[in-house]
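Residue numbers (the numbering used here): 64 to 113.
Given below as structure tokens:
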């Protein structure tokens with residue numbers, strides 16, 4: 064299932080917080096983001112950082 068930025072924005076605040084916090088299950092998750100020179104944003108969920 065895919066969620067768009069708009070889908071997430073439209074979620075109830077508490078539901079959205081629970082949704083984001085439960086994405087990685089029992090492991091902690093980190094959001095890693097970049098923005099290219101062309102202005103394109105990229106965001107990914109990383110469960111292990113070295």
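Glycine included, every Cβ here is placed at the ideal spot set by N, Cα and C.
Residues sharing a beta bridge with residue i, DSSP
i           : result
residue 171 : The structure shown does not extend to residue 171, since the chain is modelled only from 64 through 113, so no value can be given for it.
residue 93  : 109
Spatial neighbours of residue i in its chain, beta-carbon cut-off 6 Å, leaving aside the 5 residues before and after
i          : result
residue 90 : 110
Cutoff 7 Å; reference residue i; Cβ partners in own chain excluding five residues on either side
i           : result
residue 86  : 92 and 108
residue 104 : 96 and 98
Simplified DSSP assignment, three categories, for residue i
i          : result
residue 78 : helix
residue 65 : coil
Integer-rounded CB distance, given that residue j should sit under 8 Å from residue i
i          : j          : result
residue 79 : residue 71 : 6 Å
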